[in-house]
Each structure stands twice: as C-alpha cells, then as structure tokens.
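All remarks here apply to the structure that follows.
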C-alpha cells in the first residue's frame, strides 16, 4: 500500500507542477512515470531499512534531498526537458513533509504490531 500511495503522490505532484510552472517540463510523459516509479521503489525499501534505524527526521530529510536530486537529474535522461533546481527543491520539500507524516504512521503501526 505504501508503494502504491507513493506512486500516486509523486505522479500527481510532478505532473501537476508541469502544468502550473512553464519553466518545469519533462520532454515526454514517460519521464514523470519513470521518476515516480523509481522514487516510490527506492522510498519503499528505504522505509523498510533506513526509517527504523535512523528515525523519522533524518529519514525524511534524506528522502527529500534524494527526491530533489532525482527530479532534477532526470532532465538529463530526457533531452529537451528543463527542471530548474528551485522547482526540484519545492517538489522535494513538499514530498519530504508528506513523507514525514507517512513515516509517523509507519512507525506507529510497527509499534502496534510488536509484542
């Protein structure tokens, strides 16, 4: 469920911002899908391995920075794309805050399942 929710969130936010911000544009619609799938997959495994070890604040900051880097770097895989670092930062910060809230639920659910 976590993975699917991440895919939906990432895809909707990235796609919506391309409509709202003319300076942010991936040259092909598949870029949004590939970036969302990549981020969701890495994020899902990070929630399993990194979150329990480092806690919510550090995991959320690391996740936000990773999102910024990935969204920005994807423009080099799709010629004709433009992703200003400031837009990538907004995406990373927004999704980092959302991730922090999701992490709270994940950690709470883990505590409830432990004997």
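Numbering (our numbering), first residue to last: 23 to 137.
Yeah, the Cβ is synthetic: ideal placement off N, Cα and C, and Gly gets one too.
Could you give the first and the last residue of the continuous alpha helix (DSSP H) run that contains residue i?
i: residue 26; result: 24–42
i: residue 92; result: 78–95
i: residue 121; result: 107–135
i: residue 67; result: 51–71
How many Å lie between residue i and residue j at the Cα?
i: residue 119; j: residue 82; result: 7 Å
i: residue 130; j: residue 101; result: 43 Å
i: residue 112; j: residue 75; result: 27 Å
i: residue 89; j: residue 37; result: 15 Å
i: residue 87; j: residue 93; result: 10 Å
i: residue 126; j: residue 78; result: 7 Å
Less than 7 Å between C-beta atoms, sequence neighbours within five positions excluded: which residues of the same chain meet that for residue i?
i: residue 59; result: 29
i: residue 62; result: 25, 28, 29 and 32
i: residue 85; result: 65, 68, 118 and 121
Label residue i either buried or exposed according to how many other C-beta atoms from any shown protein chain fall within 10 Å of its C-beta, with 16 as the threshold for buried.
i: residue 70; result: exposed
i: residue 80; result: exposed
i: residue 124; result: buried
i: residue 73; result: buried
i: residue 110; result: buried
i: residue 95; result: exposed
i: residue 105; result: buried
i: residue 91; result: exposed
Starting from the C-beta of residue i, find all residues in its chain whose C-beta is less than 8 Å away, skip the five residues before and the five after it, and write them out in chain order.
i: residue 40; result: 46, 47, 48 and 54
i: residue 43; result: 109
Identify, in the order they occur along the chain, each residue of the same chain with its Cβ nearer than 6 Å to the Cβ of residue i, setting aside the five sequence neighbours on each side.
i: residue 97; result: 103 and 105
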